[in-house]
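Using my numbering, you'd call the opening residue of the sequence shown number 345 and step up by one each time.
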Amino acid sequence: MEVSALGLLYIFIMAIFVGFEVISKVPVILHTPLMSGTNAIHGIVLLGGMLVLGMAKPNDWVAILFGFIAVIFGAINVVGGFVVTDRMLHMFKRRKS
Numbered sequence: 345m346e347v348s349a350l351g352l353l354y355i356f357i358m359a360i361f362v363g364f365e366v367i368s369k370v371p372v373i374l375h376t377p378l379m380s381g382t383n384a385i386h387g388i389v390l391l392g393g394m395l396v397l398g399m400a401k402p403n404d405w406v407a408i409l410f411g412f413i414a415v416i417f418g419a420i421n422v423v424g425g426f427v428v429t430d431r432m433l434h435m436f437k438r439r440k441s
């Protein structure tokens, strides 16, 4: 089954809108645990971007561009999620007297 670049663009834009709507409905107090819990999803985004880059034809610049963007944003999200989780866990550690 061949997926056109326009179809991939449509899925990408719809995912942006759905993600924004879902995240905007989450209360502010739950954003940190939500970020910590979604590291696996960010890893899947990273893996999907790598697959798109690996399967893209050399002259399909749209797939290469979106794959590159997905890899960059996925990596930023994974690192950011772990940084936030680490900071949150340090809040619960007892201080040595």
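All C-beta atoms in this analysis are idealised placements derived from N, C-alpha and C, irrespective of residue type, glycine included.
**Study point:** Neighbourhood of Leu-395 by C-beta distance below 6 Å, restricted to the same chain and skipping five residues each side
**Key:** none
Practice item. Compute the beta-carbon to beta-carbon distance between Gly-393 and Gly-418, rounded to the nearest angstrom, for a pair I have assumed lies under 8 Å. Key: 6 Å
Exercise for review: Give the secondary structure of Phe-436 by DSSP, where H, G and I count as helix, E and B as strand, and everything else as coil.
Suggested key: coil
**Study point:** Minimum length 3: unbroken beta strand (DSSP E) runs contained in the region 345–404
**Key:** none
Check your understanding: Is it true that the CB of Ala-400 sits closer than 8 Å to the CB of Ile-408?
Key -> yes
Exercise for review: Check the C-beta distance from His-386 over to Val-422 and give it rounded, since I have them as a contact under 8 Å.
Suggested key: 5 Å
Check your understanding: Shortest alpha-carbon distance to Val-389 belongs to which of Ala-349, Tyr-354 and Ile-420?
Key -> Ile-420
Check your understanding: Going by Cα to Cα distance, which pick from Phe-412, Leu-378 and Gly-398 is closest to Gly-363?
Key -> Leu-378
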